[in-house]
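Have a look at the structure below, then the notes.
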Amino acid sequence: MDHTLSLLPFLFIIIISSFHVLPVSPTPSHKLKSATTIRKLNRGGPYIGLVTVIATEENAFLRSVDFRPDPTHPFLDLSGRRFRIGKIHGKKVVYVRCGRGMVNGAAATQQMIDVFNVKGIVHFGIAGNMNNSMSIGDVSIPKQITNAGLWDWLNPDKVKGVEDIAYLDVGNYNVPKGDGDNELGSIGYNYEQLYSVTGHINAPQNVFWINTTQEWLHLAADLEKMELSQCVNASLCLPKKPKLVVGLKAATAYIFVDNAAYRNFLYDTFGVSSSDMESSAVAMVILNPLIFT
Ligand SMILES: *[C@@H]1O[C@H](CO)[C@@H](O)[C@H](O)[C@H]1NC(C)=O
Ligand SMILES: *[C@@H]1O[C@H](CO)[C@@H](O)[C@H](O)[C@H]1NC(C)=O
Ligand SMILES: *[C@@H]1O[C@H](CO)[C@@H](O)[C@H](O)[C@H]1NC(C)=O
Numbered sequence: 001m002d003h004t005l006s007l008l009p010f011l012f013i014i015i016i017s018s019f020h021v022l023p024v025s026p027t028p029s030h031k032l033k034s035a036t037t038i039r040k041l042n043r044g045g046p047y048i049g050l051v052t053v054i055a056t057e058e059n060a061f062l063r064s065v066d067f068r069p070d071p072t073h074p075f076l077d078l079s080g081r082r083f084r085i086g087k088i089h090g091k092k093v094v095y096v097r098c099g100r101g102m103v104n105g106a107a108a109t110q111q112m113i114d115v116f117n118v119k120g121i122v123h124f125g126i127a128g129n130m131n132n133s134m135s136i137g138d139v140s141i142p143k144q145i146t147n148a149g150l151w152d153w154l155n156p157d158k159v160k161g162v163e164d165i166a167y168l169d170v171g172n173y174n175v176p177k178g179d180g181d182n183e184l185g186s187i188g189y190n191y192e193q194l195y196s197v198t199g200h201i202n203a204p205q206n207v208f209w210i211n212t213t214q215e216w217l218h219l220a221a222d223l224e225k226m227e228l229s230q231c232v233n234a235s236l237c238l239p240k241k242p243k244l245v246v247g248l249k250a251a252t253a254y255i256f257v258d259n260a261a262y263r264n265f266l267y268d269t270f271g272v273s274s275s276d277m278e279s280s281a282v283a284m285v286i287l288n289p290l291i292f293t
């Protein structure tokens, strides 16, 4: 994996919970062939599930790791996505590229855990950097992820203290400064509703931070010692040696953040070091996998 890490600008890995999933129950006749394959594959499990987002990440991943496809069933196409089955350094993995955005992240992850016998998911890819102490090429394995895109868009005379976590007052960003009023008012950051197998039925819990599993975070801590290479080849190098940091915070939204003021707002308000468009969705699914029994 270390070679991949060095190739991607600010590669972003999220390691989330371990869990057990029962294989999916038999499906209608036209899916029987897949079902047979899946049963066969799952007998050879459990697998570690790997999820990336876009083709650039996939290419870097497949180019850099020694991925050995399963000789009999190297892949399975489900719902328009290719799930690749194989081994990396002798470890059994199922890999999928989910596609951009939270719906794709959630759908592909849900399908992976429904169909395959996986013991956990590693989600990785490129993220935007929100933290001035991090640079291009650094790797963050966050301990907490939030969906920072669940907004209450409020009038300038907003009634505060309803139940939002934080507010972005658009008027604070007027140029010239003026009186700080702006008809766009304020944006309130709301919670996700987490349904859980251990919670009360139809009584979701409000959650803002989704946590990486402690056990996997401990494993990830060992990676901090890993040497990341600075150069792709003799002529393409990062200005300084990249580092791997475990335990920061991350934000996800349907927003590609390429705006300095908003970047600073996210860092100052939530203490997030990175921003991406899928990871909180992947993490939400892992917290509450739909398990068919
Ligand atoms: C994650 O951890 C924080 C603080 O430790 C806690 O407040 C929060 O409820 C946890 N999130 C979930 C979904 O359990
Ligand atoms: C170095 O790698 C980059 C990116 O893959 C490539 O464009 C470039 O041609 C390479 N340079 C050399 C000297 O191999
Ligand atoms: C920003 O990144 C550095 C590591 O490069 C870390 O020590 C620091 O805690 C991060 N800031 C926050 C708010 O997490």
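Terminal number for the sequence shown in the UniProt record's numbering: 293, no gaps in between.
Glycine is no exception: its CB is placed at the ideal position from the N, C-alpha and C atoms.
With DSSP as the reference, label residue i as helix, strand or coil.
{"i": "Phe67", "result": "strand"}
{"i": "Gln214", "result": "helix"}
{"i": "Pro23", "result": "Note that Pro23 scores 45 on pLDDT, short of 50, meaning its location in the model is unreliable and no value can be drawn from it."}
{"i": "Asn104", "result": "helix"}
{"i": "Gly221", "result": "First, the residue type needs correcting, since residue 221 is Ala and not Gly in the sequence shown. DSSP places Ala221 in helix when its eight states are reduced to three."}
{"i": "Tyr267", "result": "helix"}
{"i": "Ile286", "result": "helix"}
{"i": "Glu229", "result": "The amino acid occupying residue 229 in the given sequence is Ser; Glu does not appear at that position. Coil."}
{"i": "Pro272", "result": "Checking the displayed sequence, the identity of residue 272 turns out to be Val instead of Pro. Three-state result, Val272: strand."}
{"i": "Lys243", "result": "coil"}
{"i": "Phe83", "result": "strand"}
{"i": "Val115", "result": "helix"}
{"i": "Thr252", "result": "strand"}
{"i": "Ile38", "result": "helix"}
Taking residue i and residue j to be in contact with their CB atoms under 8 Å, please state how far apart those CB atoms are, rounded to whole angstroms.
{"i": "Arg100", "j": "Met284", "result": "Contact flag wrong, Cβ pair sits at about 17 Å."}
{"i": "Gly120", "j": "Ile48", "result": "6 Å"}
{"i": "Ser275", "j": "Ala260", "result": "Not a contact, Cβ separation roughly 13 Å."}
{"i": "Val246", "j": "Ala221", "result": "5 Å"}
{"i": "Asp181", "j": "Asp164", "result": "With a Cβ gap of about 20 Å, Asp181 and Asp164 do not count as contacting."}
{"i": "Val94", "j": "Val118", "result": "6 Å"}
{"i": "Ile88", "j": "Asp70", "result": "With a Cβ gap of about 12 Å, Ile88 and Asp70 do not count as contacting."}
{"i": "Lys158", "j": "Thr212", "result": "Not really, about 33 Å apart at Cβ, beyond 8 Å."}
{"i": "Val51", "j": "Cys98", "result": "6 Å"}
Is residue i near residue j, with beta carbons less than 9 Å apart?
{"i": "Met146", "j": "Phe61", "result": "A small fix is needed here, since residue 146 is Thr in this sequence, not Met. Cβ atoms of Thr146 and Phe61: not closer than 9 Å."}
{"i": "Phe208", "j": "Tyr195", "result": "no"}
{"i": "Ser186", "j": "Tyr173", "result": "no"}
{"i": "Glu192", "j": "Ser280", "result": "yes"}
{"i": "Met102", "j": "Gly149", "result": "yes"}
{"i": "Leu248", "j": "Ser140", "result": "yes"}
{"i": "Val257", "j": "Gly128", "result": "yes"}
{"i": "residue 369", "j": "Ser135", "result": "Since the displayed the chain opens at 1 and closes at 293, residue 369 lies outside it and no answer follows."}
{"i": "Val122", "j": "Leu78", "result": "no"}
{"i": "Arg68", "j": "Phe75", "result": "no"}
Measuring only from the beta carbon, is residue i closer than 8 Å to any heavy atom that is part of ligand 2?
{"i": "Ala234", "result": "yes"}
Is residue i near ligand 3, going by C-beta to nearest heavy atom under 8 Å?
{"i": "Asp138", "result": "yes"}
{"i": "Gly271", "result": "yes"}
{"i": "Ser275", "result": "no"}
{"i": "Lys241", "result": "no"}
{"i": "Val246", "result": "no"}
{"i": "Asn131", "result": "yes"}
{"i": "Lys249", "result": "yes"}
Is residue i a contact residue of ligand 1, with contact defined as CB to any heavy atom under 8 Å?
{"i": "Gln144", "result": "yes"}
{"i": "Val207", "result": "yes"}
{"i": "Asn104", "result": "no"}
{"i": "Asn211", "result": "yes"}
{"i": "Leu287", "result": "yes"}
Taking 8 Å as the cut-off, is the CB of residue i close to at least one heavy atom of ligand 5?
{"i": "Gln193", "result": "Among the ligands present in this structure, namely ligand 1, ligand 2 and ligand 3, ligand 5 is not found."}
Can you check the stretch 171 to 211 for any beta strand (DSSP E) of at least 3 residues that lies completely inside it and give the ranges in chain order? At a cut-off of 3 residues, the continuous stretches assigned as beta strand (DSSP E) that sit fully inside the stretch 171 to 211 are 186 to 189, 192 to 194, 205 to 207, 209 to 211.
Secondary structure, beta strand (DSSP E): runs of 3+ residues fully inside the stretch 122 to 176: Runs of the beta strand (DSSP E) inside the stretch 122 to 176: 139 to 141, 144 to 147, 151 to 154, 167 to 169.
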